[in-house]
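Q: One structure, pasted below without further comment.
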Amino acid sequence: MGFVLTGYTLKQKLMTQKEFSDCITIHTSSLRLHALNFTRDPEDANDLLQETLLKATRFFSKFEDGTNIKGWLFVIMKNTFINNYRKEQKSRERTVQEAEITSANLHFSATTNDSVGSFAMQDISKALCTLPDKYSVPFIRYFEGYKYHEIADELQIPLGTVKTYIHEARILLKKHLKQYQN
1 MGFVLTGYTL
11 KQKLMTQKEF
21 SDCITIHTSS
31 LRLHALNFTR
41 DPEDANDLLQ
51 ETLLKATRFF
61 SKFEDGTNIK
71 GWLFVIMKNT
81 FINNYRKEQK
91 SRERTVQEAE
101 ITSANLHFSA
111 TTNDSVGSFA
121 MQDISKALCT
131 LPDKYSVPFI
141 RYFEGYKYHE
151 IADELQIPLG
161 TVKTYIHEAR
171 ILLKKHLKQY
181 QN
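In structure tokens:
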């Protein structure tokens, strides 16, 4: 980046994509620390850092030469974190509304009437048996109180895959247990 003499006028040379990428790479370690301050989790911090760098690269044409690139990257990270947090909050609310299949709710509904509870527990067991192992094992572990990353470590699969499998299990269980939705 600099100035180029063309004829008798001075024109500012715009930063190339490669120069821009090299420039943001310099700030990766400080961005990672900043992400860790937001998330308090190394895996989530790496995800936030990656998303920030992708957005910065995607929108590098919006970056104004001569401005503070580090500050610009930090603002992207802060906004990304806030937006992800809001999405996660909405998703949690939706998940609770969509799939009221928590162990506490199932236990409560199963104990309101012994005969109904017995049928409900049988239906739940049958529904769990219909799930493929790749969905049922992470789902059961999650409701036993294990964290996503603990399940991923135990099953030796990526964290995102664990989240997807649990989500898919909820959808399938919801279909099998329609009569208990109210």
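For the sequence shown, position 40 (counting from the first letter as 1) is numbered 40 according to UniProt numbering, and the numbering increases by one without interruption.
Idealized CB from N, CA, C, for every residue including glycine.
Small disclaimer: the values here were computed from a predicted structure and weren't measured.
Roughly how many angstroms lie between the CA atoms of E98 and L177, to the nearest whole one?
A: Locating residue 98 in the sequence shown gives position 98, counting from the first residue. Locating residue 177 in the sequence shown gives position 177, counting from the first residue. Because E98 carries a pLDDT of 49, less than 50, the predicted location of this residue cannot be relied on, and the following value inherits that uncertainty. The straight-line gap from Cα to Cα measures roughly 12 Å.
Q: At the level of alpha carbons, what is the spacing between P158 and P138?
A: On the sequence shown, residue 158 is found 158 positions in, with the first residue counted as 1. On the sequence shown, residue 138 is found 138 positions in, with the first residue counted as 1. Going by the C-alpha atoms only, they are around 12 Å apart.
Q: Among the residues of its own chain, which have a CB less than 7 Å from the CB of L31, if the five just before and after it don't count?
A: As a first step, residue 31 must be located in the sequence shown, where it is residue number 31. Here the set comprises L49, T52, L73, M77.
Q: Can you give me the C-alpha to C-alpha distance between Q156 and E150, rounded to a whole angstrom?
A: Here residue 156 is taken as the residue at index 156 of the sequence shown, counted from 1. Here residue 150 is taken as the residue at index 150 of the sequence shown, counted from 1. Straight-line Cα distance between these residues: approximately 10 Å.
Q: Taking the alpha helix (DSSP H) that Q47 belongs to, which residues open and close that run?
A: Walking along the sequence shown from the start, residue 47 turns up at place 47. The sequence given here places Asp at residue 47; Gln does not occur at that position. Unbroken alpha helix (DSSP H) run through D47: 42-58.
Q: What is the DSSP secondary structure of F63, reduced to helix, strand or coil?
A: Counting from one through the sequence shown, the residue named residue 63 turns up at place 63. In this structure, F63 counts as coil in the three-state DSSP scheme.
Q: Classify F59 as buried or exposed, calling it buried when 16 or more other Cβ atoms lie within 10 Å of its own Cβ.
A: Working through the sequence shown from its first residue, we reach residue 59 at position 59. With fewer than 16 other Cβ atoms within 10 Å, it is exposed.
Q: Ignore the nearest five residues each way along the sequence and tell me which others in Y135's own chain have a CB closer than 8 Å to its CB.
A: On the sequence shown, residue 135 is found 135 positions in, with the first residue counted as 1. So the list reads Y165, I166, E168, A169, L172, once near-sequence residues are dropped.
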